[in-house]
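Peer 1:
Protein chains in written order, with the numbering used here: chain A, 40 to 152; chain B, 54 to 165.
1) Which residues, in chain order, does the segment 66-80 of chain A contribute to contact with chain B at a C-beta distance below 7 Å?
2) Taking Cβ-Cβ distances shorter than 8 Å, what residues in chain A pair up with residue 83(B)?
3) Locate the beta strand (DSSP E) running through residue 74(A), then write down its first and last residues.
4) Name the chain B residues that come within less than 9 Å of residue 143(A), Cβ to Cβ?
5) Note the first and the last residue of the continuous beta strand (DSSP E) segment covering residue 71(B).
6) Along the beta strand (DSSP E) that carries residue 117(A), what are the first and last residues, could you check?
7) Spatial neighbours of residue 148(A) within its chain, please: CB distance less than 6 Å, with the 5 preceding and 5 following residues excluded, ordered by chain position.
8) Do we get a CB-CB distance below 9 Å when we pair residue 67(B) with the residues of chain A?
9) Taking Cβ-Cβ distances below 7 Å as the criterion, which residues of the segment 131-155 of chain B are in contact with chain E?
10) In three-state DSSP terms, what is residue 141(A)?
11) Assuming the contact rule is C-beta atoms closer than 8 Å, residue 70(A) and residue 135(A) should be a hit. Round their C-beta distance to whole Å, please.
12) Can you pull the chain A neighbours of residue 72(B), defined as C-beta to C-beta under 7 Å?
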């Protein structure tokens, strides 16, 4: 039981390049989330998915898109990376809508030059 | 405007003593609060939570206190151990919602 896994662990991009961050969970959770963590700012919600087939914007969605591919997988796409998107990205999941506790993956460290 | 604030960026405590981490919030509609612990290069892990209908919740060495009138919660760790050295995030959730709002975190260093 791996919990929440994220790939890649680390990525360097040039401004304007695109990439997709992958997230998968094997806990049969319904809800999944993408956060970014920046120094001095805690974790901020980018997008979330309450269930398969649904996605909603969080606090900082601009410059990102998401896909809830199936119940297990929730990907985050940067279409045209900008230096302001340099951050650590965390994926999380929770068992069902209304369950507050979220379980986090190990993170993806992204550097945009 | 930060709705959840952790005003102490860092805290240093001697092993065996009590660690007290503080968190303030501004939105009175928050009704559930959580503490997460994060080691370097790892994701946050859930530590303890409290519902707004309670004022205290205890789990082993960890106790969370909630003062709704002051919109303040605190995490007490007794006794503190070197392995407790980590970043601690306070998070809050609105009534009926799943989304969490996080504070900026407090770095705890427990010296042996």
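For every residue, glycine included, the Cβ atom is placed at its ideal position computed from N, Cα and C.
Nothing here was measured: the structure is a model prediction, and the numbers come from that model.
Peer 2: Taking the geometry as given:
1) Of all residues in the segment 66-80 of chain A, those with a C-beta nearer than 7 Å to a C-beta of chain B are 70, 79, 80, reading in chain order.
2) By one-based count along the second chain, residue 83(B) stands at place 30. Neighbours of residue 83(B) in chain A, taken as residues whose beta carbon is under 8 Å from its own, are absent, since the nearest beta carbon is some 11 Å off.
3) Numbered from its first residue, the first chain carries residue 74(A) at position 35. Bounds of the beta strand (DSSP E) holding residue 74(A) are 70-76.
4) Taking the first residue of the first chain as 1, we reach residue 143(A) at position 104. Identification of chain B residues near residue 143(A) by a Cβ-Cβ cut-off of 9 Å yields 89, 91, 95, 96, 97, 98, 99, ordered along the chain.
5) Position 18 of the second chain holds residue 71(B). Run containing residue 71(B): none; DSSP gives neither H nor E here.
6) Here residue 117(A) is taken as the residue at index 78 of the first chain, counted from 1. DSSP places residue 117(A) in the uninterrupted beta strand (DSSP E) bounded by 113-117.
7) Translated into the one-based positions of the first chain, residue 148(A) becomes position 109. Correct list, in chain order: 49, 127.
8) The count along the second chain starts at 1 and reaches residue 67(B) at position 14. Chain A contact via Cβ: absent.
9) The structure shown contains no chain E; its protein chains are A and B.
10) The residue you call residue 141(A) lines up with position 102 of the first chain. Of the three classes helix, strand and coil, the one that applies to residue 141(A) here is coil, per DSSP.
11) By 1-based counting over the first chain, the position of residue 70(A) is 31. By 1-based counting over the first chain, the position of residue 135(A) is 96. Between residue 135(A) and residue 70(A) the Cβ distance is about 7 Å, and since that is below 8 Å, they are a contact.
12) Residue numbering aside, residue 72(B) sits at position 19 when the second chain is read from its first letter. For the C-beta of residue 72(B), not a single chain A residue is nearer than 7 Å; the gap to the nearest is close to 19 Å.
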